[in-house]
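Visitor: Please find one structure pasted underneath; my questions will follow.
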Amino acid sequence: MERIPILKMGDFLLVTIQVDLYDQLAENLETDLVNSVKKHNSKGVLIDISSVSIIDSFMGRILGNIGIMSRIMGAQSVIVGMQPAVAMTLVELGLTLTGVSTALNVEKGMELLRSKILLSEGQSDDYDNDTE
Amino acid sequence: MTTILSKEDFIIVKEQDVVPFRNKVKEAAVKIGMGILNQTKLITAASELVRNLLKYGGGGMVIIESVNNGRENGIRLIFADKGPGIADVSLAMKDGYSTGKSLGLGLPGTKRLVNEFDIQSTVGMGTTVTIIKWKNG
């Protein structure tokens, strides 16, 4: 079965989608990513979709699910590199990708991911202080 | 008056047929000189409809046509299945309505992405959806 590779880099997981997505492939990615977050105790997930020319409602929903599932497991996620035509099409289709953080490119995505992780760790520290 | 410039059939029976089908649609759109945004909208609409064809219609046939309306060229796609049909087409066209587990954006969302959209369905006979995206539409 075809799968999209997931790279581990320190606390992060990196995914670059280089092929056209179809339903089964997107579903496999969702499962593999959530399992990888658990396996590697990852704090952040970065998904590069700059080579993806088509995202329809199903694949969009999977991307949204990945964001929500990662967060439930305590990891932050950012999607980077969406092509302008894909973004315009998604909005017209009615899919707003609520709950998914996005950035223009990989560099900005990594920045955002780091700041989100700092923020979430800071918040949990504050929480600990409050309860003491 | 719409004239047909070229025509091609594509049989869809399994999910693996979807990517080659999308490529065929892209090829046809590029051939008539459609811009990248309209191409993306057309292929996304095709992707939604071909999923319906597989999921609800049990597969079927798609006709890919290059057409001309006297002013400009466009791509017409006809999705025909012999599935159970849709009992209430107007309900199926509503945003947020779904019998499956999807978001219910498929049909109404698809309609927003193309210039012309027609759906004919008879319960027990099947469903035919026709869309047109004009080159500069």
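Top line first, the protein sequences correspond to chains A and B.
full-length UniProt numbering puts the first residue of the first sequence at 1, with every later residue one more than the last.
full-length UniProt numbering puts the first residue of the second sequence at 1, with every later residue one more than the last.
Note that beta-carbon positions come from the ideal geometry of N, C-alpha and C, so glycine has one too.
#1: Would you check if the region 14-31 of chain A and the region 41-53 of chain A touch, i.e. whether three or more CB-CB distances between them fall below 8 Å?
#2: Taking 8 Å as the threshold, find out whether the region 53-64 of chain A comes into contact with the region 48-55 of chain B through three or more Cβ pairs.
#3: Quick check on the DSSP output: what are the complete beta strand (DSSP E) runs of length 3 or more inside the UniProt domain "STAS" (2-113) of chain A, in order along the chain?
#4: Skipping 5 residues on each side, what residues in its chain have a beta carbon closer than 6 Å to that of Thr122/B?
#5: According to DSSP, is Val123/B part of a helix, a strand, or is it coil?
#6: Identify the continuous beta strand (DSSP E) that holds Glu65/B and give its terminal residues.
#7: Over what stretch of residues does the beta strand (DSSP E) that includes Ile86/B continue unbroken?
#8: Roughly how many angstroms separate the alpha carbons of Ala29/B and Phe79/B, rounded to a whole number?
#9: Listed in chain order, which residues of the UniProt domain "Histidine kinase/HSP90-like ATPase" (37-137) of chain B have Cβ atoms closer than 8 Å to some Cβ of chain A?
#10: Applying the criterion that 16 or more other CB atoms from any shown protein chain within 10 Å of the CB defines a buried residue, is Asp9/B buried or exposed?
#11: Under 8 Å between C-beta atoms, does Glu15/B make it to chain A?
#12: Shortest alpha-carbon distance to Arg71/A belongs to which of Gly60/A, Val52/A, Leu97/A, Val37/A?
#13: Could you please give me the residues that DSSP links to Arg76/B through a beta bridge?
#14: How is the beta strand (DSSP E) around Ser6/B delimited, first residue to last?
#15: Check whether the Cβ atoms of Asp81/B and Gly109/B sit closer than 8 Å, and answer yes or no.
#16: Between which two residues does the alpha helix (DSSP H) harbouring Val25/B extend?
#17: CB-CB under 7 Å to Ile6/A, same chain, minus the five flanking residues each way: which ones, in chain order?
#18: Could you work out which residues of chain A lie near Val19/B, taking near to mean beta carbons separated by less than 8 Å?
#19: Give a yes or no on whether 8 Å exceeds the smallest Cβ distance from Leu92/A to chain B.
#20: When the Cβ atoms of the region 59-67 of chain B are set against those of the region 33-40 of chain B, are three or more pairs found closer than 8 Å?
Guide: Here's the rundown:
#1: Contact annotation: the region 41-53 of chain A touches the region 14-31 of chain A, with at least three C-beta pairs closer than 8 Å.
#2: Touching, per the Cβ criterion.
#3: The beta strand (DSSP E) runs lying completely inside the UniProt domain "STAS" (2-113) of chain A and spanning 3 residues or more are 6-9, 12-16, 44-48, 76-80, 101-103, given in chain order.
#4: Within the second sequence, residue 122/B is the residue found at index 122, counting from 1. Counting only Cβ-Cβ distances below 6 Å, and skipping sequence neighbours, we find Gly85.
#5: Sequence index remark: in the second sequence, residue 123/B carries index 123 (1-based). When DSSP states are grouped into helix, strand and coil, Val123/B belongs to the coil group.
#6: By 1-based counting over the second sequence, the position of residue 65/B is 65. From DSSP, the beta strand (DSSP E) with Glu65/B extends over 60-68.
#7: In the second sequence, counting from the first residue as 1, residue 86/B sits at position 86. Looking at the DSSP string, Ile86/B is not in any beta strand (DSSP E), and its letter there is neither H nor E.
#8: Counting from one through the second sequence, the residue named residue 29/B turns up at place 29. Counting from one through the second sequence, the residue named residue 79/B turns up at place 79. Inter-residue distance for Ala29/B and Phe79/B is about 17 Å (C-alpha atoms, whole angstroms).
#9: Listed by position, the residues of the UniProt domain "Histidine kinase/HSP90-like ATPase" (37-137) of chain B near chain A (Cβ gap below 8 Å) are Leu37, Gln39, Thr40, Lys41, Ile43, Thr44, Ser47, Glu48, Arg51, Asp95, Ser102, Leu103, Leu105, Gly106, Pro108, Gly109, Thr110, Arg112, Leu113.
#10: If you number the second sequence from 1, residue 9/B lands on position 9. The residue in question, Asp9/B, is exposed, as its Cβ has fewer than 16 Cβ neighbours within 10 Å.
#11: Taking the first residue of the second sequence as 1, we reach residue 15/B at position 15. Yes, contact with chain A.
#12: Translated into positions along the first sequence, residue 71/A becomes position 71. Of the residues Gly60/A, Val52/A, Leu97/A, Val37/A, the one whose Cα lies closest to the Cα of Arg71/A is Val37/A.
#13: Residue mapping note: residue 76/B aligns to position 76 of the second sequence, counting from 1. Residue pairing from DSSP places Arg76/B in a beta bridge opposite Glu65/B, Ile132/B.
#14: Within the second sequence, numbered from 1, the residue matching residue 6/B stands at position 6. Taken as a continuous stretch (DSSP letters only), the beta strand (DSSP E) holding Ser6/B covers 3-12.
#15: The sequence position of residue 81/B within the second sequence is 81, counting from 1. The sequence position of residue 109/B within the second sequence is 109, counting from 1. Not a contact, by the Cβ cut-off of 8 Å.
#16: The count along the second sequence starts at 1 and reaches residue 25/B at position 25. Residue range 18-31 is occupied by the alpha helix (DSSP H) that includes Val25/B.
#17: Here residue 6/A refers to the residue found at position 6 of the first sequence. Cβ within range, chain order: Leu13, Val15, Asp32, Leu33, Ser36.
#18: By 1-based counting over the second sequence, the position of residue 19/B is 19. Asp20, Tyr22, listed in chain order.
#19: For the purposes of this step, residue 92/A is taken as the residue at position 92 of the first sequence. Going by the sequence as given, residue 92/A is Glu instead of Leu. By this cut-off, Glu92/A is an interface position.
#20: Judged by pairs of C-beta atoms under 8 Å, the region 59-67 of chain B does not touch the region 33-40 of chain B, as fewer than three such pairs exist.
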